[in-house]
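Trainee: Quick one: the structure is below, and I'll ask about it shortly.
There are 2 protein chains.
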Amino acid sequence: MKITYQGQSRHYRTVWFDPARNRVRLIEQRLLPHKFKIVSTADFRDTALAITDMIVRGAGAIGATAAYGLAQGARAFRGRGLKAFERHLAKVYRTLAEARPTAVDPVSAMRGVLSKMTDDTVAERQEQALAAAEQFANDDVAHCEALGQHGEPLIHNGSRVLTHCNAGWLAFVDVGSATAPMYAAQAKRKSFHVYCDETRPRSQGAILTAWELAQQGISHDIIADNAAGHLMQRGEIDIVIVGSDRTLGRTGEVANKIGTYTKAVLAKRHSIPFYVAIPLSTIDWELESGQAIPIEERNEDEVLSAWGVTPSGRRQKVRLANPGSKARNPAFDVTPPELITGIITPLGIFKPRQLWKHRVKLGHTTSGC
Amino acid sequence: MKITYQGQSRHYRTVWFDPARNRVRLIEQRLLPHKFKIVSTADFRDTALAITDMIVRGAGAIGATAAYGLAQGARAFRGRGLKAFERHLAKVYRTLAEARPTAVDPVSAMRGVLSKMTDDTVAERQEQALAAAEQFANDDVAHCEALGQHGEPLIHNGSRVLTHCNAGWLAFVDVGSATAPMYAAQAKRKSFHVYCDETRPRSQGAILTAWELAQQGISHDIIADNAAGHLMQRGEIDIVIVGSDRTLGRTGEVANKIGTYTKAVLAKRHSIPFYVAIPLSTIDWELESGQAIPIEERNEDEVLSAWGVTPSGRRQKVRLANPGSKARNPAFDVTPPELITGIITPLGIFKPRQLWKHRVKLGHTTSGC
């Protein structure tokens, strides 16, 4: 998307590749919104570290980073013979897969790249790796754009849209999921307003979504997570669009950032449409119940403290809470299908309980069920 | 309540009076939970400033502070004659009433004190003022204790109680409203756990309620405002008890800190009892609709920033949000009666829609309706 930095506007993806220097290039997301910086990773180990240290985060973005990292590692091979190359490649794969061990996207992205490396010579496979990684990134963008086209008609002139957390282009290679319909509506010159839930404890809404929307020139306000119910009650929200970390293809349940379920319950009470925007890779066709989704309990320090910037511009962590008190910090919750108006995908909008019926179209390829 | 400070435990009210030195004494609430400090106000102007600057906050607490401030001002009169005394008293009253112009408690507390100053001499009236102020503070404590007795049976051994914001003893002279049933249950040696909503943007739950509960030795965890829905979904909340800034006697609607409505909607969905604990002074017998309650929109800076303490112990404000983005900051919301299981008062627990039926018992004295 367009970023204005030091007075100049240009288009950036969250991650891309420099073939001449064999480097993966990334927006340093940990410094946003207070500083915009591009980092280059020197080798695949460096790329794995960028994933581990959350220089890059978000399903699509870390998938593409791992795909590029695999190509980077393959292209750095200086030995001789396919066998040595395969051994080297296995090490690259392992290093990148272990960068965020619970995430599925890096692994599935790298598997896609490996499946394209079929030619006979090391040099050919090196080129195939890069081409496949580029293809992965381009597909990620195309999928987000497609879901944006399907979601765009939901946003009208004058719409007031609520979103939660960051399911924006920073979480993907470009465009984003929950934000994709907004950017498509902006391209059609529709005028609308977005309310960004702050999204405590990590404040991704106040930090990342607000920054993204500001960069694209979309009218928005940040609100405390407590305020959405009141705004709905007073008729000031017309539609809710959120992303998802995992959507169950069998039940239509949606796991997403903590607080999503609350917004869905409120939207239902106020008859406000509640949409979830996802790329197909987010659909889990195996799990049979949302109760089976493991809910990560993150470090309590996230709730007890906050990161921000002092008036003098220094990044600073402060303790908010009573010293000695402890916190619970569940990071995700599960929204049941009866609260969800529709799932916006690159292939169209589906009722959550109809994902399973359309599973072949939606890419469910396992035969066992 | 009991406070442990520098290794010593003793009982404190939030506000009390030192007759020998004619000073109002207050817990400096702005420094909590990081520092415990008592301040003494030198004269009634100083007392008014303590209200304005929020050294003391909360309905009952500022009511008692104004009552003591009026007595302090009356006792400082050094002139001669009732007329001069009355002129002086009018100035004292005005100064204290203007300290927080939208609050009703200081005004109604001072009116109560004035109505008791009926004797013939200045000296007698000065003594009556102090006696009436002491009576006001004692009544505030007695009311909170009475509502605690009525609410106590709602908390069982093993109960997991959710509360929002701070309706604790820091908001009153002692005991508190939402916390009163908890302290009464603790006195009966019941074992239970409290979840304190952080309550962004001002974090009163994480700061004040958590500090109070920690001082009294009550088991508790702080949670992000986003997390209550998930905990309810997983069966980890048994009852919700909150306070109220204004409860409509005619409709049973409850205005309270932003986010209260959301918790009530969630509790209803999960069939979890939702109680509001109030002293009678909180009931508004005049307003005919919750829609007519003015909802204060506070400075957006509260949402965009947070106050905390650095690792080196310095109080520091940090900007959380994207620079340049703006915020909406409604401070209160209104919960309709159908979401409220009961209103806990010093006179018993009432269904919200039955307040009006019991208005005489509940102290509605105006004849005009």
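Chain order of the listed sequences is A and B. For our numbering, count along the first sequence from 1 and bump the result up by 166. For our numbering, count along the second sequence from 1 and bump the result up by 166. For every residue, glycine included, the Cβ atom is placed at its ideal position computed from N, Cα and C.
(1) Quick check: what's the CA-CA separation for residue 433/A versus residue 192/A?
(2) Where does residue 428/A fall in DSSP's three states?
(3) How many angstroms separate the CA atom of residue 508/B from the CA atom of residue 515/B?
(4) Note down the Cα distance separating residue 228/B from residue 319/A, rounded to an integer number of angstroms.
(5) Can you tell me which of the three DSSP states residue 178/B falls into?
(6) Considering only their Cβ atoms, is the gap separating residue 413/A from residue 448/A smaller than 9 Å?
(7) Say whether chain A places a C-beta atom closer than 9 Å to the C-beta of residue 447/B.
(8) Sort 291/B, 201/B, 396/B by Cα distance to residue 241/B and report the nearest one.
(9) Could you give the distance in angstroms between the alpha-carbon of residue 146/A and the alpha-carbon of residue 392/A?
(10) Going by CA-CA distance only, name the one from 194/B, 425/B, 420/B, 351/B that's closest to residue 458/B.
(11) Measure the Cβ-Cβ separation of residue 340/A and residue 425/A and say whether it is below 9 Å.
(12) Which same chain residues, not among the five before or five after residue 279/A, have their C-beta less than 7 Å away from its C-beta?
(13) Counting C-beta neighbours from all protein chains within 10 Å, is the total for residue 174/B 16 or more, i.e. buried, or is it exposed?
(14) In the DSSP assignment, the alpha helix (DSSP H) including residue 251/B goes from what residue to what residue?
(15) Give me, in chain order, the residues of the same chain whose beta-carbon lies closer than 6 Å to that of residue 535/B; leave out the 5 immediate sequence neighbours on both sides.
(16) Leaving out five residues before and five after residue 533/B in sequence, what residues of the same chain have Cβ atoms less than 6 Å from its Cβ?
(17) From the beta carbon of residue 536/B, is the nearest beta carbon of chain A less than 9 Å away?
(18) Taking Cβ-Cβ distances below 8 Å as the criterion, which residues of the region 478–494 of chain B are in contact with chain A?
(19) Is there a Cβ of chain A sitting closer than 9 Å to that of residue 342/B, yes or no?
(20) Run down chain B in chain order and give the residues with a C-beta less than 8 Å from the C-beta of residue 432/A.
(21) On the DSSP bridge assignment, give the partners of residue 335/B in chain order.
(22) List, in chain order, every chain A residue whose beta-carbon is nearer than 7 Å to that of residue 386/B.
(23) Below 8 Å on C-beta distance, what does residue 496/B contact in chain A?
(24) The alpha helix (DSSP H) with residue 369/B in it runs from where to where?
(25) Per DSSP, residue 422/B is paired with what?
(26) Check whether the Cβ atoms of residue 409/A and residue 490/A sit closer than 9 Å, and answer yes or no.
(27) Nearest to residue 464/A by alpha carbon, out of 308/A, 382/A, 368/A, 305/A?
(28) So, residue 349/B versus residue 314/B, is the Cβ gap smaller than 9 Å?
(29) Could you check if residue 504/A is buried or exposed, using at least 16 other CB atoms within 10 Å of its CB as the buried criterion?
(30) Could you give the distance in angstroms between the alpha-carbon of residue 566/A and the alpha-carbon of residue 206/A?
(31) Strictly under 9 Å for the Cβ-Cβ distance: is residue 476/A near chain B by that measure?
(32) Have a look at the DSSP bridge pairing and note the partners of residue 462/B.
(33) Starting from the Cα of residue 194/A, find the closest Cα among 519/A, 221/A, 478/A, 441/A and give me that residue.
(34) Would a check of beta-carbon distances place residue 171/B closer than 9 Å to chain A?
(35) Rank 269/A, 243/A, 169/A by C-alpha distance to the C-alpha of residue 257/A and give the top, closest one.
Mentor: Considering the structure as presented:
(1) 36 Å
(2) helix
(3) 6 Å
(4) 52 Å
(5) coil
(6) yes
(7) no
(8) 291/B
(9) Past the boundaries of the shown model lies residue 146/A; chain A is included only from 167 to 535, so the question cannot be answered.
(10) 420/B
(11) no
(12) 233, 236, 237, 295, 298, 299, 302
(13) exposed
(14) 248–263
(15) Any reading at residue 535/B needs caution, since the residue's pLDDT is 34, under 50, leaving its predicted position unreliable; the model's value is listed next. Closer than 6 Å at Cβ, skipping near neighbours: no residue.
(16) Here the model assigns residue 533/B a pLDDT of 40, short of 50, so the residue's position is not dependable, and the following value carries that caveat. Closer than 6 Å at Cβ, skipping near neighbours: no residue.
(17) Lying before the first or after the last residue shown, residue 536/B is absent from chain B, which here runs from 167 to 535.
(18) 482, 483, 484, 485, 486, 487, 488, 489, 490, 491, 492, 493, 494
(19) no
(20) 428, 431
(21) Per DSSP, none; premise fails for residue 335/B.
(22) 491
(23) 393, 396, 397
(24) Careful: residue 369/B lies outside any alpha helix (DSSP H) and carries neither H nor E.
(25) 499/B
(26) no
(27) 368/A
(28) yes
(29) exposed
(30) No answer is possible for residue 566/A: it lies beyond the span of chain A, which begins at 167 and ends at 535.
(31) yes
(32) In the DSSP output, where bridge partners are listed per residue, residue 462/B has none listed.
(33) 221/A
(34) no
(35) 243/A
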